[in-house]
Every structure is written in C-alpha cells, then in structure tokens.
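Asker: Under my numbering, the letters of the sequence shown match residues 72 to 447, in that order. Glycine is no exception: its CB is placed at the ideal position from the N, C-alpha and C atoms. Every value quoted in this text rests on a predicted model; they were computed, and no experiment measured them.
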Amino acid sequence: MLINTAFAGGKAAAEEKTLPIQMEVIRALAQAKGPSGFEDETISVARAQLEDICDIEEDSLRNLYIYRRRNSGDKPVLMLDAHADEVGFMVHSIKPNGTLRFVELGRWSKNTLPGTRVLVRNRDDEWIVGAIAAKPPHFMTDDEKRLNQVQPVASLVIDIGARSANEAEEVFGIRIGEPVVAATEFYYDEKRDVMHGRAFDCRIGCAALIESMRILAEKELDVDVVAVLSSQEEVGERGCKVAVNKVKPDIAIVFEGCPADDTFGETYSMQTMLKKGPMLRYMDTSVICSPRFQRFALDTAEAGALMVQASVREGGGNNAAVIQAQLIGAPSIVMGVPVRYIHGPSCITSFTDYAATVRLAVSIAEKLNRSVIASF
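As structure tokens, this is what we get:
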C-alpha cells in the first residue's frame with residue numbers, strides 16, 4: 072500500500088506493527104473535543120501516549136510540556152510545538168424559544184455553518200447534539216432566495232431540540248459560556264489512504280509531534296528536545312506566548328495542519344497538495360520563517376529523499392511568529408501536514424503526509440547541533 076513507503080521505509084512488517092497504534096492516536100486526537108480554552112481532552116490523549124517515556128508538566132492555560140528524559144540540560148533546546156485547540160464556538164445566550172446564540176472561537180468558514188451538526192457541552196459534562204439552524208427555502212423571502220448570502224454568525228442559532236429557554240436550561244442543562252464543536256466522526260479509508268474528520272488543524276500536527284517524540288526519546292542527540300501542545304492558538308497564539316518563556320528555545324519546529332490548496336486555484340500556484348509530504352512555508356501574514364533554517368530543512372529532505380513541499384502564503388498565521396519574535400528570536404520553521412477544508416466541519420488528510428512529516432522532523436532533529444544552529 073501507499074502508506075508502507077511513507078512511514079516504514081517500504082517494510083510491510085514494520086507498517087503492520089506501527090500503523091494501528093498511530094492510527095488510534097490520530098483517531099483519538101481527532102475525536103477529542105477541544106476548542107480554544109477547553110483543550111483538556113486533547114491534552115489527556117497526548118499525556119496518555121507519552122507519560123511512560125517522557126516527563127510531563129501542565130500549566131493553568133492547558134499548555135502541555137513534554138521533556139525528553141535523555142535531555143542533558145547543557146545543550147541547545149529544540150522546541151517542538153503543535154497547538155491543541157481547534158476552531159469551535161461558545162454559547163453566548165439562550166433565546167426564549169430555546170435556541171442558542173453563539174460566538175466563534177477562532178475563524179470559521181462561514182458558508183459551512185448553516186446545517187452543521189454540533190455538540191454542546193452542558194453543566195453535567197455531557198455533550199448534547201444540536202444543529203446550526205438552516206432556514207428551509209419554504210420560509211425564505213424572495214430576496215433571501217435570490218441573494219443566497221452567507222449569514223453573519225450573530226444571526227445564526229444552534230437548535231438542540233428545546234422548546235423554551237427554561238427547557239434548554241433545566242432539561243438539557245445548557246449554560247452560557249459552554250464550548251461547542253462540530254459533531255464530525257473520524258473515518259479512515261485505509262485502501263485509499265484518506266482520513267476524514269474534524270480538527271485536523273492541528274490534531275494531525277499533534278499526532279506528528281507525539282510520534283516524533285516517541286522516536287526521539289531514546290536517540291543520542293546534540294540538542295535537548297522539549298515538546299509543547301500549546302493552547303488557544305486559534306484565538307491569537309495565547310498559549311504559546313506563555314510556553315516560549317518557559318521553554319526558552321534556541322530553535323523551533325512548529326507542526327501544523329495547514330490548508331491544502333490542491334482543489335482551489337490554478338495548478339501552477341498549488342503549493343500544499345495531498346500526499347506530497349509536509350509543507351514548509353517561507354512566510355504568511357504573521358511570520359517570515361528563518362530563511363536559513365528553512366533552507367536547511369529543505370536540503371535535509373532532498374538529501375534523504377524525503378517528501379516535502381514549500382509555500383509562500385498570502386494569509387494565515389501560526390505559533391512560529393510568537394517563538395521567533397520573543398526572547399532570543401529562536402529560528403523557527405513551520406511543518407504543516409496538508410489538510411483540505413480546515414476551519415470547517417469536514418476535513419480531509421492522509422496518513423502518507425502525516426508519516427512523511429514525522430520522518431522529516433526526526434531527520435532534522437538528528438542533524439541539529441550547536442554550530443548548525445549558530446549558522447542560522
């Protein structure tokens with residue numbers, strides 16, 4: 072299968088041993104409900120995967136710090152980062168008819184909202200099924216039918232089936248301030264190597280970070296490695312602003328689930344395609360990634376015959392902007408697993424790209440040392 076060569080170097084036996092474990096981690100992360108500020112489930116999944124081989128700390132922002140036990144304390148610090156949160160919503164208020172007004176946690180693709188099935192947490196930590204109401208064409212005015220405009224979030228509501236505000240509160244247990252996520256189930260088409268789900272931005276990056284740490288845990292390295300699953304990236308990289316001051320990195324790799332562009336635009340400008348390996352971005356609106364570190368990463372991929380692609384982004388932002396602009400200005404690169412339709416309820420990615428991302432991250436970590444880092 073395609074995935075054999077992507078991770079296990081073409082050895083089917085190795086793939087048979089590793090694929091089920093890795094896929095279970097990806098599935099658990101994709102199913103974890105963790106919008107910005109509510110990353111607890113994501114953190115629990117990661118902690119369970121690494122606490123047997125790494126030292127782990129957590130702060131009140133729900134940043135998770137993962138320390139390689141072979142760190143010496145006297146080597147340059149390589150920070151691996153992936154954000155644990157996903158775009159989601161928060162209950163703003165309950166209307167008299169029992170529907171829920173909500174606000175965004177992060178930037179959603181607005182045209183995907185009406186009709187989306189969601190899960191709303193209640194006071195008993197149950198997740199109640201609801202749907203973002205979509206007005207049937209039978210009730211639309213002629214202007215609404217003709218214009219077919221994207222509705223602002225302030226005009227949308229979540230319907231959980233309640234008939235009044237009192238029923239929503241007393242029977243369904245809904246409170247204001249509760250988190251909401253898309254109710255999308257994870258599915259992997261192994262035959263065609265296609266993963267379907269939600270929150271691949273950045274849960275597929277979290278999975279790549281976890282697997283990279285498992286591989287690096289027992290290796291002899293010339294750097295100390297500290298990984299962070301950071302919180303609240305989707306609302307302004309807030310968790311990373313705290314984490315970078317704790318880790319004090321000399322250099323950083325930021326894992327992402329980045330927007331694939333291979334179903335949009337002109338072929339010549341496509342730079343983030345499915346099953347072409349991780350995307351290393353030169354820049355976006357928040358950061359110009361360290362050009363020398365970027366070149367080193369691309370050369371490492373070429374020398375090892377590893378899949379990689381590069382991009383120049385005209386939008387977007389990520390934690391590399393925070394890491395590179397604080398303390399000593401640690402050189403940073405962004406290693407994104409291509410994901411189609413991020414910031415929406417239904418995303419698509421592949422095991423091939425996840426596995427290629429892990430291989431490249433490990434290869435880079437193995438090549439870094441004090442003099443290499445100084446050259447950046």
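1) From which residue to which residue does the beta strand (DSSP E) around Leu176 run?
2) Could you tell me whether the segment 372-381 touches the segment 418-436, using the rule of 3 or more Cβ pairs below 8 Å?
3) Okay, do the segment 323-339 and the segment 392-403 touch, 3+ Cβ pairs below 8 Å being the bar?
4) Look at the Cβ atom of Val408, then the Cβ atom of Ser107, and state whether they are nearer than 8 Å.
5) How far does the beta strand (DSSP E) with Phe326 in it reach, from first residue to last?
6) Could you tell me the alpha carbon to alpha carbon distance between Arg234 and Thr371, rounded to whole angstroms?
7) Assess, as a yes-or-no matter, whether the segment 149-165 is touched by the segment 241-250 under the definition of 3 or more beta carbon pairs within less than 8 Å.
8) From His267 to Asp145, what distance separates their C-alpha atoms?
9) Could you have a look at Glu337 and say whether DSSP puts it in helix, strand or coil?
10) Tell me which residues share the same chain as Leu369 and place their Cβ nearer than 8 Å to its Cβ, disregarding the 5 neighbours each side in the sequence.
11) Return helix, strand or coil for Glu291, following the three-state DSSP convention.
12) Measuring CA to CA, which of Val252, Val251, Ile231 is closest to Ala242?
13) Provide the residue span of the alpha helix (DSSP H) that contains Tyr353, from first to last.
14) Given Val405, which residues of its chain have a CB within under 7 Å of its CB, disregarding the five upstream and five downstream residues?
15) Give me, in chain order, the residues of the same chain whose beta-carbon lies closer than 6 Å to that of Phe447; leave out the 5 immediate sequence neighbours on both sides.
16) Between Arg246 and chain D, is there a C-beta pair that is closer than 8 Å?
17) From what residue to what residue does the beta strand (DSSP E) around Phe367 run?
18) List the DSSP bridge partners of Asp260.
19) Taking the alpha-carbon of Cys418 as reference, which of Phe257, Arg118, Ala204, Pro147 has the nearest alpha-carbon?
20) Can you find the residues in the same chain that come closer than 6 Å, C-beta to C-beta, to Ile124, ignoring five residues on each side of it along the sequence?
21) Taking 7 Å as the limit between beta carbons, can you name the residues of its chain near Lys438, skipping five residues before and five after?
22) Let me confirm a value: Tyr136 is counted as buried when at least 16 other C-beta atoms fall within 10 Å, else exposed. Which label applies?
23) Considering Arg192, what are the terminal residues of the beta strand (DSSP E) in which it resides?
24) According to DSSP, simplified to helix, strand and coil, what is Leu73?
25) Between which residues of its own chain and Thr343 is the CB-CB distance below 8 Å, once the five residues before and five after are set aside?
26) Check this for me: beta carbons of Val251 and Val200, under 8 Å apart or not?
27) Starting from the Cα of Ser283, find the closest Cα among Arg441, Arg139, Ile444, Asn134 and give me that residue.
28) For Arg172, which residues from the same chain have a beta carbon less than 7 Å from its beta carbon, with the 5 sequence-adjacent residues on both sides left out?
29) If you run the structure through DSSP and keep just helix, strand and coil, what is Glu87?
30) Give the single residue among Met341, Leu300, Arg366 whose Cα lies nearest to the Cα of Gln120.
31) Could you give the residue range of the beta strand (DSSP E) that holds Leu149?
32) State buried or exposed for Ala99, treating a residue as buried only when at least 16 other CB atoms are found within 10 Å of its CB.
33) Applying the 10 Å Cβ sphere with the 16-neighbour rule, what's the burial state of Ser226?
34) Using DSSP with H/G/I as helix, E/B as strand and the rest coil, what is Gln102?
35) According to DSSP, is Met284 part of a helix, a strand, or is it coil?
36) If you reduce the DSSP assignment to three classes, tell me which class Ile199 lands in.
Answerer: In brief:
1) Translated into the one-based positions of the sequence shown, residue 176 becomes position 105. Counting along the chain, the unbroken beta strand (DSSP E) around Leu176 starts and ends at 171-176.
2) With a cut-off of 8 Å, the segment 418-436 and the segment 372-381 count as touching, because enough Cβ pairs lie within range.
3) Between the segment 323-339 and the segment 392-403, the count of Cβ pairs shorter than 8 Å is three or higher; the stretches touch.
4) For the purposes of this step, residue 408 is taken as the residue at position 337 of the sequence shown. For the purposes of this step, residue 107 is taken as the residue at position 36 of the sequence shown. Between Val408 and Ser107, the C-beta spacing is not below 8 Å.
5) Translated into positions along the sequence shown, residue 326 becomes position 255. Residues 322-330.
6) Walking along the sequence shown from the start, residue 234 turns up at place 163. Walking along the sequence shown from the start, residue 371 turns up at place 300. When rounded, the distance between both Cα atoms is 60 Å.
7) These segments touch.
8) Here residue 267 refers to the residue found at position 196 of the sequence shown. Here residue 145 refers to the residue found at position 74 of the sequence shown. The straight-line gap from Cα to Cα measures roughly 43 Å.
9) In the sequence shown, counting from the first residue as 1, residue 337 sits at position 266. Judged by DSSP in its simplified three-state form, Glu337 adopts coil rather than helix or strand.
10) Your numbering for residue 369 matches position 298 in the sequence shown. Correct list, in chain order: Leu351, Val379, Ala381.
11) For the purposes of this step, residue 291 is taken as the residue at position 220 of the sequence shown. Coil, per DSSP.
12) Position 171 of the sequence shown, counted from the first residue, corresponds to residue 242. Checking the sequence, you will find Val at residue 242 rather than Ala. Among Val252, Val251, Ile231, the Cα nearest to that of Val242 belongs to Ile231.
13) For the purposes of this step, residue 353 is identified with residue 282 of the sequence shown, where counting begins at 1. It is not in any alpha helix (DSSP H) - Tyr353 instead sits in the beta strand (DSSP E) that spans 350-354.
14) Residue 405 sits at position 334 when you count from the first residue of the sequence shown. Around Val405: Val325, Glu327, Leu351, Arg352, Cys360, Asn389, Ala391.
15) Locating residue 447 in the sequence shown gives position 376, where the first residue counts as 1. The answer, listed in chain order, is Ser361, Arg363, Phe364, Pro402.
16) As a matter of chain content, chain D is missing from the structure shown, which is built from one protein chain.
17) By 1-based counting over the sequence shown, the position of residue 367 is 296. Here Phe367 belongs to no beta strand (DSSP E); instead the alpha helix (DSSP H) covers 362-374.
18) Residue numbering aside, residue 260 sits at position 189 when the sequence shown is read from its first letter. Per DSSP, the beta-bridge partners of Asp260 are Val265.
19) The sequence position of residue 418 within the sequence shown is 347, counting from 1. When only C-alpha atoms are compared, the closest one is Phe257.
20) Position 53 of the sequence shown, counted from the start, is the residue given in the question as residue 124. Only Ala288 meet the Cβ criterion.
21) For the purposes of this step, residue 438 is taken as residue 367 along the sequence shown, with counting starting at 1. For Lys438, the CB contacts under 7 Å within the same chain, skipping 5 residues up- and downstream, are Thr371 in chain order.
22) Within the sequence shown, numbered from 1, the residue matching residue 136 stands at position 65. By the 10 Å Cβ count, Tyr136 comes out buried.
23) Position 121 of the sequence shown, counted from the first residue, corresponds to residue 192. Residues 188-192.
24) Mapped onto the sequence shown, residue 73 falls at position 2. Only weak support exists for where Leu73 lies, its pLDDT of 34 falling under 50; the value from the coordinates is given anyway. Note: Leu73 maps to helix in three-state DSSP.
25) In the sequence shown, the residue the question calls residue 343 occupies position 272. Within the same chain, Thr343 has close Cβ partners Cys329, Pro330, Ala331, Asp332, Asp333, Met350, Gln380, Ser382, Gly407, Pro409.
26) The residue given as residue 251 occupies position 180 in the sequence shown. The residue given as residue 200 occupies position 129 in the sequence shown. Taking a C-beta distance under 8 Å as the contact criterion, Val251 and Val200 do not qualify as a contact pair.
27) The residue given as residue 283 occupies position 212 in the sequence shown. The closest CA to that of Ser283, considering only Arg441, Arg139, Ile444, Asn134, is found on Arg139.
28) Taking the sequence shown and counting its residues from 1, the one referred to as residue 172 is at position 101. His163, Ser164, Lys166, Val228.
29) On the sequence shown, residue 87 is found 16 positions in, with the first residue counted as 1. Summary for Glu87: the model assigns pLDDT 43, below 50, so the residue's position carries little reliability, and this model does not support an answer.
30) Position 49 of the sequence shown, counted from the first residue, corresponds to residue 120. Gln120 has its Cα closest to that of Leu300, out of Met341, Leu300, Arg366.
31) Taking the first residue of the sequence shown as position 1, residue 149 is located at position 78. Boundaries of the beta strand (DSSP E) harbouring Leu149: 148-154, taken from the DSSP string.
32) Against the sequence shown, residue 99 aligns to sequence position 28. Buried, by the Cβ-count rule.
33) Counting from 1 along the sequence shown, the entry for residue 226 is found at position 155. Flag for Ser226 reads exposed.
34) Counted from its first residue, the sequence shown places residue 102 at position 31. Helix at Gln102.
35) Indexing the sequence shown from 1 puts residue 284 at position 213. Met284 carries a helical assignment under DSSP once its states are collapsed to helix, strand and coil.
36) Taking the sequence shown and counting its residues from 1, one reaches residue 199 at position 128. If DSSP states are grouped into helix, strand and coil, Ile199 belongs with the strands.
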